[in-house]
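In this note's numbering, the protein residues as written are 56 to 368.
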């Protein structure tokens, strides 16, 4: 499988543009993950962060192991991805949401992963970034700052602890993106779906151990006995749509394209996240949030099409 990124240097081919099919996959991921934060909030009304993580990854992996063969990759990639994306990203994110992070603001702060990913990809993988990519990310980052710093009537409030934990989750997301790129460069012939299923087995035991330690066996047993329809819906959505489907599509995109080109698509997630939080949870964004969202969209346009304008100029 020729999915490895071309090393930078003299004679290296420029990154290819996304096809219409790849663009459709990226947009599907945006909708699923944008609504994801509202569903997490729903699940955390009944389940503790660590128990929600346990059930999410049990549902996303164990029922499929009999039908999905292990990907042709060294275990180190499977384990590293499972720890970074599973335990790291979602353990921190669930804790952040429980400790005062709103769904809408979480969808914004998580997008700092695009900046972490681009910097890590350029530094560790020596992937090339066009000037337009840096400009687009700068404009989008300015929009994120406007959204995150808005205060006053209608502003979405968030706790400092929730913000720090969510920022850590964004860094772990970027780390998992780099694991995928390293795995692709290793040349293993594997499909995204088996990779996601098998890597989802990795965080189950750590999540459950943390649930027993932080919550206590009695609380864990009571939460499992008190599962309601809302909690079950959250677990199924997070496991089947947000984990298996969305991450399979995301991993496929990262296999086919440089991380710095794929990750900026996630900057559109706050648009869906803020709207979903407003419609479902009643969160009311301030005008500054919408202004910042407009800047994010402009940054995306520059990132995707700026190289064409750059050449014409």
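Ideal Cβ placement from N, Cα and C applies to all residues, glycine included. A quick note: this is a predicted structure, and the numbers were derived from the prediction, not measured.
**Item:** Selection from 177, 221, 120, 99 that minimises the alpha carbon distance to residue 249
**Value:** Comparing Cα positions, the closest option is 120.
**Item:** Assumed close pair residue 317, residue 93 - CB separation to whole angstroms, cut-off 8 Å
**Value:** At roughly 24 Å, the Cβ-Cβ gap does not stay under 8 Å, so residue 317 and residue 93 are not in contact.
**Prompt:** Just to confirm, are residue 233 and residue 142 a CB contact at a threshold of 8 Å?
**Reply:** no
**Prompt:** Within this structure, are the beta carbons of residue 5 and residue 306 separated by less than 8 Å?
**Reply:** There is simply no residue 5 to check, as the chain begins at 56 and stops at 368 in what is shown.
**Item:** Contacts around residue 261, its chain only, beta-carbon distance under 7 Å, and the 5 residues preceding and following it disregarded
**Value:** Once the five neighbours on either side are set aside, the close Cβ partners of residue 261 are 142.
**Prompt:** If you drop the 5 nearest sequence neighbours on each side, which residues of the same chain put their C-beta closer than 6 Å to that of residue 91?
**Reply:** 297
**Asked** Between residue 308 and residue 81, which are expected to be in contact by the criterion C-beta below 8 Å, what is the C-beta distance as a whole number of angstroms?
**Response** 6 Å
**Asked** What did DSSP end up calling residue 183 once you bin it into helix, strand or coil?
**Response** coil
**Prompt:** Which residues mark the beginning and the end of the alpha helix (DSSP H) in which residue 313 is found?
**Reply:** Premise fails: residue 313 is in no alpha helix (DSSP H) and is neither H nor E.
**Below-8 Å beta-carbon distance, residue 266 vs any chain D residue** = Chain labels in this structure do not include chain D; a single protein chain is all it has.
**Prompt:** Which class does residue 227 belong to by DSSP, given the choice of helix, strand or coil?
**Reply:** It is helical.
**Message:** If the criterion is Cβ atoms closer than 8 Å, does the pair residue 254 and residue 133 meet it?
**Reply:** Yes; because the gap between Cβ atoms is below 8 Å, this pair is in contact.
**Prompt:** Would residue 301 pass as a contact of residue 87 if the rule is Cβ separation under 8 Å?
**Reply:** yes
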